[in-house]
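Only one structure is covered here, and it is reproduced in the block below.
2 protein chains.
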Amino acid sequence: MQIPSNAFNNAVDQLSSLPGIGKKTALRLVLHLLNRPSNDIKLFGNSFTELAEQINYCQNCFYISESTHCSICNNPSRTENIVCVVENVLDVIAIENTNQFKGKYHVLGGIISPMEGIGPSDIKINELIERVKSNQTEELIMALSTTMEGDATNFYIYKKLKDTGVKISTIARGIGIGDELEYTDELTLGRSIINRIPFENTLTL
Amino acid sequence: MQIPSNAFNNAVDQLSSLPGIGKKTALRLVLHLLNRPSNDIKLFGNSFTELAEQINYCQNCFYISESTHCSICNNPSRTENIVCVVENVLDVIAIENTNQFKGKYHVLGGIISPMEGIGPSDIKINELIERVKSNQTEELIMALSTTMEGDATNFYIYKKLKDTGVKISTIARGIGIGDELEYTDELTLGRSIINRIPFENTLTL
Chain L
129 MQIPSNAFNN AVDQLSSLPG IGKKTALRLV LHLLNRPSND IKLFGNSFTE
179 LAEQINYCQN CFYISESTHC SICNNPSRTE NIVCVVENVL DVIAIENTNQ
229 FKGKYHVLGG IISPMEGIGP SDIKINELIE RVKSNQTEEL IMALSTTMEG
279 DATNFYIYKK LKDTGVKIST IARGIGIGDE LEYTDELTLG RSIINRIPFE
329 NTLTL
Chain Z
129 MQIPSNAFNN AVDQLSSLPG IGKKTALRLV LHLLNRPSND IKLFGNSFTE
179 LAEQINYCQN CFYISESTHC SICNNPSRTE NIVCVVENVL DVIAIENTNQ
229 FKGKYHVLGG IISPMEGIGP SDIKINELIE RVKSNQTEEL IMALSTTMEG
279 DATNFYIYKK LKDTGVKIST IARGIGIGDE LEYTDELTLG RSIINRIPFE
329 NTLTL
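First to last, the protein sequences are chains L and Z.
In terms of the working numbering, the first sequence opens at residue 129 and continues consecutively.
In terms of the working numbering, the second sequence opens at residue 129 and continues consecutively.
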């Protein structure tokens, strides 16, 4: 049985189009919204129309920005020569929260995923190559997920840039701090032995 | 670290105001929305502003409706004399899907919950009492949740109406069809013995 209101069903359809929100959850959320005053529901809706109208990306790194260049790109104390390549905006926030990186970013806005029909031209790879070539970037730090898609994207970018002389590194893969050896998967443990680091390096932190 | 866009943060705040959606989930959902064309994001937002403007409730039973009376209240083949009292719109759909009820509904729009500050005047109890008195309703079937709040609401309505002569029943509580005895909680099992039904009654279904 359907609910006899197009406006209601439309709102349910829109909410359930988001990942992780099924039809039944969407129904409950819309009913929850309907308990609010009409003006609050309008504010809810307007926040998304305003998002569509006002959102802006940095023309250099494609991080979210209120002007043509974001606060990270505009920061003169950050080095221009080291660029960290990430999948999305959340990754920038995660890395910024570590306070360990003082270079710039490049937000791809996705990773290459043939399963989802995302190819190199759908994300900001050409812009990255252009940027590396024109800015004389010294080092690219690839900070993508350790998945098939992440590895494919890493390799694609590596192949496109290996002749430019830019140094390409990836963030270290290994056992998380606080993790126990016996619960670590074999692949991670194996890689952490192959990519072992001089003990002195851990003392400088 | 905050994302430098008011529109973005506002959309995240609005989404995370929904129950079950935390700040981090809301961030991911907004980023997901931003992968869509600008017009689709506007359609998403507009669906809620239209919801606020166009939603309408049946003046009789408070089910969602496109006109002053809903399709259930307008259906002449359904008896006016038996009214099923439910908490919200989803409960109407759940009962309609059983095809076992041919009376009308009354949607309270919530249940009495002192913890959440919801009293009798915040839900459609006065309207129910008015309706029972003026329509000469014969039977009220209380179909609220078996929680403290549901029981309190049942009892409040019972006290308000016991002198009017209307018959008040509640839907049967017992062991679900397909459930195993050994996994049923004691309270339900105990009640199902106290409220046992003549075996012949089960044969008519």
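We put the CB at the ideal spot given by N, CA and C, even for glycine.
These figures come from a predicted structure and were not determined experimentally.
Rounded to the nearest whole angstrom, the CA to CA distance from Ile221(Z) to Leu171(Z) is 27 angstroms.
At least 9 angstroms separates the beta-carbon of Ile303(L) from that of Ile285(L). For the options Thr274(Z), Leu272(Z), Val211(Z), the alpha carbon positioned closest to that of Glu255(Z) is the one of Val211(Z).
Counted as a single uninterrupted DSSP element, the alpha helix (DSSP H) harbouring Val217(Z) occupies residues 217 to 226.
Annotation note: the stretch 266 to 297 of chain L contains the following uninterrupted beta strand (DSSP E) runs of length 3 or greater, listed N- to C-terminal: 267 to 270.
For Glu277(L), the nearest beta carbon of chain Z is not closer than 9 angstroms to its own beta carbon. The shortest C-alpha to C-alpha distance from Gln228(Z) to any of Glu178(Z), Ile299(Z), Arg259(Z), Lys287(Z) is the one to Ile299(Z). As the crow flies, the alpha-carbon of Ser199(Z) is around 56 angstroms from that of Asp279(L). Of the residues Arg156(L), Pro326(L), Glu267(L), the one whose Cα lies closest to the Cα of Asn216(Z) is Arg156(L). Rounded to whole angstroms, the separation of the alpha carbons of Pro132(Z) and Cys201(L) is 13 angstroms.
Taking 9 angstroms as the threshold, the shortest C-beta distance from Gly148(L) to chain Z falls below it.
Fewer than three pairs of CB atoms, one per stretch, sit closer than 8 angstroms, so the stretch 234 to 246 of chain Z makes no contact with the stretch 168 to 183 of chain L.
At least 9 angstroms separates the CB of Ile322(L) from every CB of chain Z. Straight-line spacing of the CA atoms in Thr281(L) and Leu315(L) works out to 20 angstroms.
The C-beta of Glu178(Z) has 16 or more other C-beta atoms within 10 Å across all chains shown, which makes the residue buried. Here Ser241(Z) carries a strand assignment [DSSP, helix/strand/coil]. When 7 angstroms is used as the limit between beta carbons, Ile240(L) is near no residue of chain Z, the shortest such separation being about 15 angstroms. Phe327(L) sits exposed, since fewer than 16 C-beta atoms from the chains shown fall within 10 Å of its C-beta. Within its own chain, the residues whose Cβ lies closer than 6 angstroms to the Cβ of Thr312(Z), once the five positions on either side in sequence are excluded, are Ile303, listed in chain order. Here Ser175(L) is near Ala135(Z), since their CB atoms are less than 9 angstroms apart.
Across the set Pro147(Z), Arg319(Z), Gln182(Z), Glu267(Z), the C-alpha of Glu267(Z) shows the shortest separation from the C-alpha of Lys232(Z).
For Lys232(L), the beta-bridge partners assigned by DSSP are Val211(L). Residue range 166 to 182 is occupied by the alpha helix (DSSP H) that includes Thr177(Z). Shown here, Ile299(Z) sits in coil according to DSSP, grouped into three states, outside any helix or strand. Beta-bridge analysis with DSSP links Tyr185(Z) to Ile192(Z).
Collapsing the DSSP output to three states places Ile253(Z) in a helix. The beta carbon of Ser193(Z) falls within 9 angstroms of a beta carbon belonging to chain L, placing the residue at that interface.
Closest by C-alpha distance to Asn263(L), out of Met270(L), Ile246(L), Phe283(L), Thr292(L), is Thr292(L). Contact with chain Z is absent for Pro248(L), since none of that chain's Cβ atoms lies less than 9 angstroms from the residue's Cβ. Between Gln182(Z) and His197(Z), the gap from beta carbon to beta carbon reaches 9 angstroms or more.
Judged by beta-carbon spacing, Gln130(Z) lies within the 9 angstroms limit of Asn137(Z), meaning their Cβ atoms are closer than that value.
Listed along chain L, the residues sitting closer than 8 angstroms to Val217(Z) by beta-carbon distance are Ile131, Leu159. With distances taken between CA atoms, Asn209(L) lies nearest to Lys230(L) out of Ser193(L), Lys230(L), Thr226(L). In the three-state DSSP reduction, Ile305(L) falls in the coil class, being neither helix nor strand. DSSP places Glu314(L) in the uninterrupted alpha helix (DSSP H) bounded by 314 to 322.
Residue-level contact by beta carbon fails for Ile253(L) and chain Z, as no gap is shorter than 9 angstroms.
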